[in-house]
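Peer 1: What follows is a single structure, and I will ask about it in a moment.
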């Protein structure tokens, strides 16, 4: 039997951690962009946007991410769309993340006092200018803490992508455990790596929050 | 609810000039509650009008209709010959450039410095370039006595200072009409004077002003015409001396005596 040194374990986990990072970035960026688009659609009261976005949020918040990954991977294939694991994971994580972010951000926009909209309106700013220069900067400050809190959940949630064939951090940990029979050591390393990913994000958010508060 | 001989006064002698604010048959409801029941009002350029009345009489709503913050159901309204057309973004933008508004709660933008508060709208709407915009903002802040606060943030200012910044911000758009919605009601008593002095100087310079106010002494001193609103109608209107001195309707008499209590 091959012997695994601690370095072998850590190295393999680090390689797998790349996928966790990649999946997280896809979720952040894709989910952030779609979330922002939905937020604007809803805030601008585009026709039908309100019920459609509400339905979207209910649908993706009300079903497990695991099911969404299965459906994206196997479901799309039923319609003759050839999905790679990448596409499926990107789609599912984007939908899932955006559904939560749009709801978090909607609350933050609603928390900006009405008088701010009215002052901007009375200065003849267009809707997009009101949103961009007056409301969103204030909503962003409110949004940082809950957004980061959720993004940390998403980092950990990427572990579910293993079910459609991704060998990311958690899956790699399981495979290495099967070979080394040292579950405590291996999963301990896995946990530390998740922590190493999430902690800096929280730390950065706290700094950002402080910086924005000083500026206001 | 009959009107007691509303007297139209044009003390500026500008009766011949076309009205700068022209309101006909304005009706506004919130749901089934009609708050404005047919308002007719013509404001001459340079005229200073004080709107008084009990809370719920529709005076703030009337003001908010003039710059389109509230949509109305019937009637017509135009400012400087620009009709108010709800749902027409270009027309609203054009109208709002002619109408400045100052709010009870100041509504300064807390994430921007005082200078940026003043410069934001001219830069975006009138495409004023940054250097000219800044020079103008400094001049306006100087005018309201806050030249040294250009780089301060709103939360570092007192209420009176914030309200004066709000006045400078509204003036930066060079409006034809300025709407003041109970602008001293949220201030500590000792800060009211500094704001009213700025408003008075604007009146003396010929700015057209419509102000909803509870400062009766100020209304009497500065305005050319006083409007008493009651239950969504212009109940009595006339010269300040006349309205405060010889109120015609029992409602106004009661209102004035309740204030003096």
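Chains as they are written, first to last, in our numbering: chain Z, 345 to 560; chain V, 22 to 282. Note that the Cβ used here is the ideal one computed from N, Cα and C, for glycine as well. Here the structure is a predicted model, which is why all the values come from computation and not from measurement.
Quick one: Cα of residue 29 (chain V) to Cα of residue 70 (chain V), how far?
Peer 2: Confidence at residue 29 (chain V) is low in this model, with a pLDDT of 45, below 50, so its placement is unreliable and no value can be given for it.
Peer 1: Take residue 50 (chain V) and list the residues in its own chain whose beta-carbon comes closer than 7 Å to its own, dropping the five residues that flank it on each side.
Peer 2: Closer than 7 Å at Cβ, skipping near neighbours: 56, 94.
Peer 1: Identify the contact partners of residue 88 (chain V) in chain Z, using a Cβ-Cβ distance below 7 Å as the criterion.
Peer 2: What residue 88 (chain V) touches in chain Z: 466.
Peer 1: What is the rounded straight-line gap between the Cα of residue 81 (chain V) and the Cα of residue 233 (chain V)?
Peer 2: Their Cα atoms are separated by approximately 7 Å.
Peer 1: Should residue 128 (chain V) be flagged as near chain Z, meaning a C-beta pair shorter than 8 Å?
Peer 2: Answer yes: the Cβ-Cβ gap between residue 128 (chain V) and chain Z drops below 8 Å somewhere.
Peer 1: Would you tell me roughly how many angstroms separate the C-alpha atoms of residue 533 (chain Z) and residue 354 (chain Z), rounded to the nearest one?
Peer 2: For residue 533 (chain Z) and residue 354 (chain Z), the distance between alpha carbons rounds to 7 Å.
Peer 1: Quick check: what's the CA-CA separation for residue 460 (chain Z) versus residue 102 (chain V)?
Peer 2: Their backbone Cα atoms lie some 28 Å apart in a straight line.
Peer 1: So, helix, strand or coil for residue 435 (chain Z), using DSSP?
Peer 2: Residue 435 (chain Z) falls in the helix class under three-state DSSP.
Peer 1: Taking only beta-carbon atoms, is residue 470 (chain Z) less than 8 Å away from chain V?
Peer 2: Yes, residue 470 (chain Z) counts as interfacial toward chain V.
Peer 1: Any beta carbon from chain V within less than 8 Å of residue 553 (chain Z)'s own beta carbon?
Peer 2: No, residue 553 (chain Z) does not count as interfacial toward chain V.
Peer 1: Using a Cβ cut-off of 7 Å, pull out every chain V residue sitting near residue 478 (chain Z), in sequence order please.
Peer 2: In chain order: 130.
Peer 1: The alpha helix (DSSP H) that contains residue 519 (chain Z), what's its start and end?
Peer 2: That run of the alpha helix (DSSP H) goes 513-524.
Peer 1: Taking only the alpha-carbon atoms, compute the straight-line gap between residue 53 (chain V) and residue 59 (chain V) and give it to the nearest angstrom.
Peer 2: Between residue 53 (chain V) and residue 59 (chain V), the C-alpha separation is close to 15 Å.
Peer 1: Tell me which residue opens and which closes the alpha helix (DSSP H) that residue 124 (chain V) is part of.
Peer 2: Residue 124 (chain V) -> no alpha helix (DSSP H), and no H or E assigned at all.
Peer 1: Write down the C-beta distance between residue 217 (chain V) and residue 205 (chain V) rounded to the nearest angstrom, noting that I regard them as a contact closer than 8 Å.
Peer 2: Their Cβ separation, rounded to whole angstroms, is 6 Å, which keeps residue 217 (chain V) and residue 205 (chain V) in contact under 8 Å.
Peer 1: Determine whether the Cβ of residue 385 (chain Z) lies closer than 8 Å to any Cβ atom of chain V.
Peer 2: It does not; no Cβ of chain V falls within 8 Å.
Peer 1: Would you mind reading off the limits of the beta strand (DSSP E) that contains residue 82 (chain V)?
Peer 2: Note, residue 82 (chain V): premise wrong, no beta strand (DSSP E); alpha helix (DSSP H) at 80-87.
Peer 1: List, in order along the chain, the chain Z residues whose C-beta lies closer than 7 Å to that of residue 122 (chain V)?
Peer 2: Result: 466.
Peer 1: When you compare the CB of residue 194 (chain V) with every CB in chain Z, is at least one pair closer than 8 Å?
Peer 2: Yes, its Cβ sits closer than 8 Å to a Cβ of chain Z.
Peer 1: Tell me, please, whether the CB atom of residue 503 (chain Z) is closer than 8 Å to any CB atom in chain C?
Peer 2: Absent from the structure is chain C; the protein chains it does hold are Z and V.
Peer 1: Check the Cβ of residue 185 (chain V) against every Cβ in chain Z and list those closer than 9 Å, keeping chain order.
Peer 2: What residue 185 (chain V) touches in chain Z: nothing, since even the nearest Cβ is about 15 Å away.
Peer 1: What residue range is occupied by the uninterrupted beta strand (DSSP E) comprising residue 67 (chain V)?
Peer 2: Counting along the chain, residue 67 (chain V) falls outside any beta strand (DSSP E), and DSSP gives it neither H nor E.
Peer 1: May I ask you to list, following chain order, the residues of the stretch 374-399 of chain Z that have a beta carbon less than 9 Å from some beta carbon of chain V?
Peer 2: Flagged: no residues at all.
Peer 1: Output the distance between the C-alpha atoms of residue 33 (chain V) and residue 190 (chain V), rounded to the nearest integer angstrom.
Peer 2: In this prediction, residue 33 (chain V) scores a pLDDT of 46, lower than 50, which makes its location untrustworthy; no coordinate-derived value is stated.
Peer 1: Using 8 Å as the limit for Cβ to Cβ distance, is residue 92 (chain V) near chain Z?
Peer 2: Answer no: the Cβ-Cβ gap between residue 92 (chain V) and chain Z never drops below 8 Å.
Peer 1: Going by alpha carbons, who is nearest to residue 92 (chain V) out of V:210, V:66, V:107, V:162?
Peer 2: Closest by alpha carbon: V:107.
Peer 1: Determine, using beta carbons only, whether residue 454 (chain Z) comes closer than 8 Å to chain V.
Peer 2: False, the Cβ-Cβ gap to chain V never drops below 8 Å.
Peer 1: Under the three-state reduction of DSSP, which class applies to residue 52 (chain V): helix, strand or coil?
Peer 2: Residue 52 (chain V) falls in the coil class under three-state DSSP.
Peer 1: Which chain Z residues are close to residue 118 (chain V), counting only those with a beta carbon under 7 Å from its beta carbon?
Peer 2: The contacting residues are 468.
Peer 1: Quick test of the definition: if touching needs 3 or more C-beta pairs under 8 Å, does the stretch 459-478 of chain Z touch the stretch 121-135 of chain V?
Peer 2: Because the criterion of three Cβ pairs below 8 Å is met, the stretch 459-478 of chain Z and the stretch 121-135 of chain V touch.
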